[in-house]
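Asks: Straight run, no breaks: the sequence shown in our numbering ends on number 544.
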Amino acid sequence: MHKEMNILIVGVGGQGTILASKILADVAQQQGYDVKVSEIHGMAQRGGSVVTQVRMGEKIYAPIISEGQADIILAFEQLEALRWVHFLKEEGTLIVNRQVIEPVPVLLGLQPYPAGIIEKLKAHVKHVIDLDALDIAGKCGNKKAVNVVLMGVLAKKMNIPREVWDRALDNKVPARFLELNKEAFEAGWMAG
Numbered sequence: 353m354h355k356e357m358n359i360l361i362v363g364v365g366g367q368g369t370i371l372a373s374k375i376l377a378d379v380a381q382q383q384g385y386d387v388k389v390s391e392i393h394g395m396a397q398r399g400g401s402v403v404t405q406v407r408m409g410e411k412i413y414a415p416i417i418s419e420g421q422a423d424i425i426l427a428f429e430q431l432e433a434l435r436w437v438h439f440l441k442e443e444g445t446l447i448v449n450r451q452v453i454e455p456v457p458v459l460l461g462l463q464p465y466p467a468g469i470i471e472k473l474k475a476h477v478k479h480v481i482d483l484d485a486l487d488i489a490g491k492c493g494n495k496k497a498v499n500v501v502l503m504g505v506l507a508k509k510m511n512i513p514r515e516v517w518d519r520a521l522d523n524k525v526p527a528r529f530l531e532l533n534k535e536a537f538e539a540g541w542m543a544g
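This is the structure we're talking about:
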């Protein structure tokens, strides 16, 4: 890892972005990095935006990632990827789940859901990894494991040993969901 790494995790309430950030923070701490986590919830319980900023490195002074400073954006949903992409560094990587979760204005028929989001992102971002994490999680036995599928993709990108991630899953995932989550992580790792 460079001197520091900034990762923005964006999604919608109920998608498990907070657990994802806790797993990532655990990984950073195991590696001996200073880590700062900042969470922003907008109507999270109603399907609103949830943004978590994770900064790790030798010494991190502030928890907030500035625009254009994220090394990686992990987007749990297409529209959230589009909404936050301006935080990505020019050489950064965008990992985006193809899942669509319609926000309230779309559900109410006040606005259409934007078309062609993945194509727009690929036209403006050099490094995009897009996948259907919902489908992959479903094949593992639980569609709620989307977050851990995406963590597997992120883990493959970050070059931190696999056993560190496995320990973080052991530390942060409730025992009754651990096997399912390990399977989902492995599926994401392979997809990455």
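Beta carbons are placed, not taken as given, at the ideal position from N, Cα and C, and that holds for glycine.
In the DSSP assignment, what residue or residues form a beta bridge with residue 376?
Replies: Numbered from its first residue, the sequence shown carries residue 376 at position 24. For residue 376, which the question treats as bridged, DSSP gives no partner whatsoever.
Asks: When you compare only the Cα positions, how much space is there between residue 411 and residue 461?
Replies: Stepping through the sequence shown from its first residue, residue 411 is reached at position 59. Stepping through the sequence shown from its first residue, residue 461 is reached at position 109. In a straight line, the C-alpha of residue 411 is about 47 angstroms away from that of residue 461.
Asks: For residue 407, count neighbouring Cβ atoms within 10 angstroms of its own Cβ and tell me buried if that reaches 16, exposed if not.
Replies: Here residue 407 refers to the residue found at position 55 of the sequence shown. Buried, since its Cβ has 16 or more Cβ neighbours within 10 Å.
Asks: Would you call the stretch 470 to 486 and the stretch 511 to 518 touching, i.e. three or more CB-CB distances under 8 angstroms?
Replies: At 8 angstroms Cβ cutoff, the stretches do not touch.
Asks: Measure from the alpha carbon of residue 526 to the alpha carbon of each residue in 502, 473, 375, 404, then state which is nearest.
Replies: Counted from its first residue, the sequence shown places residue 526 at position 174. Selected option, being the one with the closest Cα: 375.
Asks: Whole angstroms are fine: how far does the CA of residue 523 sit from the CA of residue 438?
Replies: The residue labelled residue 438 in the question sits at position 86 within the sequence shown. The residue labelled residue 523 in the question sits at position 171 within the sequence shown. If I take the Cα positions, the gap works out to 33 angstroms.
Asks: Would you mind reading off the limits of the alpha helix (DSSP H) that contains residue 303?
Replies: No information on residue 303 is available, as it lies outside the stretch 353 to 544 that the chain covers here.
Asks: Using DSSP's beta-bridge definition, name the partner residues of residue 447.
Replies: Position 95 of the sequence shown, counted from the start, is the residue given in the question as residue 447. Beta-bridge pairing links residue 447 to 426, 481.
Asks: Considering only residues of the same chain and omitting the five flanking positions on each side of residue 355, which have a CB-CB separation below 8 angstroms?
Replies: Stepping through the sequence shown from its first residue, residue 355 is reached at position 3. The residues are 409, 410.
Asks: May I have the straight-line CA-CA distance separating residue 417 from residue 435, to the nearest angstrom?
Replies: Mapped onto the sequence shown, residue 417 falls at position 65. Mapped onto the sequence shown, residue 435 falls at position 83. The alpha-carbon atoms of residue 417 and residue 435 are separated by roughly 15 angstroms.
Asks: Around the C-beta of residue 533, are 16 or more other C-beta atoms found within 10 angstroms, so that it is buried, or is it exposed?
Replies: Stepping through the sequence shown from its first residue, residue 533 is reached at position 181. Classification for residue 533: buried.
Asks: When the Cα of residue 364 is compared with those of 452, 492, 475, which residue comes out closest?
Replies: Residue numbering aside, residue 364 sits at position 12 when the sequence shown is read from its first letter. The shortest C-alpha separation from residue 364 is found at 452.
Asks: Considering only residues of the same chain and omitting the five flanking positions on each side of residue 541, which have a CB-CB separation below 7 angstroms?
Replies: Working through the sequence shown from its first residue, we reach residue 541 at position 189. Counting only Cβ-Cβ distances below 7 angstroms, and skipping sequence neighbours, we find 504, 507, 508.
Asks: Closer than 6 angstroms by C-beta to residue 427: which residues in its own chain qualify, once you throw out the five before and the five after it? Chain order, please.
Replies: Taking the sequence shown and counting its residues from 1, one reaches residue 427 at position 75. Once the five neighbours on either side are set aside, the close Cβ partners of residue 427 are 362, 433, 448.
Asks: What separation, rounded to the nearest whole angstrom, lies between the Cα atoms of residue 380 and residue 391?
Replies: What you label residue 380 is simply residue 28 of the sequence shown in a count that begins at 1. What you label residue 391 is simply residue 39 of the sequence shown in a count that begins at 1. Cα-Cα distance, rounded: 17 angstroms.
Asks: Return helix, strand or coil for residue 396, following the three-state DSSP convention.
Replies: Position 44 of the sequence shown, counted from the first residue, corresponds to residue 396. Here residue 396 scores only 48 on pLDDT, less than 50, and its place in the model is too uncertain to base an answer on.
Asks: Which residues share a DSSP beta bridge with residue 587?
Replies: Lying outside 353 to 544, the shown extent of the chain, residue 587 is not represented and no answer is given.
Asks: For residue 465, I'd like the list of residues in its chain whose CB is within less than 6 angstroms of its CB, leaving aside the five on either flank, ordered along the chain.
Replies: The sequence position of residue 465 within the sequence shown is 113, counting from 1. Counting only Cβ-Cβ distances below 6 angstroms, and skipping sequence neighbours, we find 454, 458.
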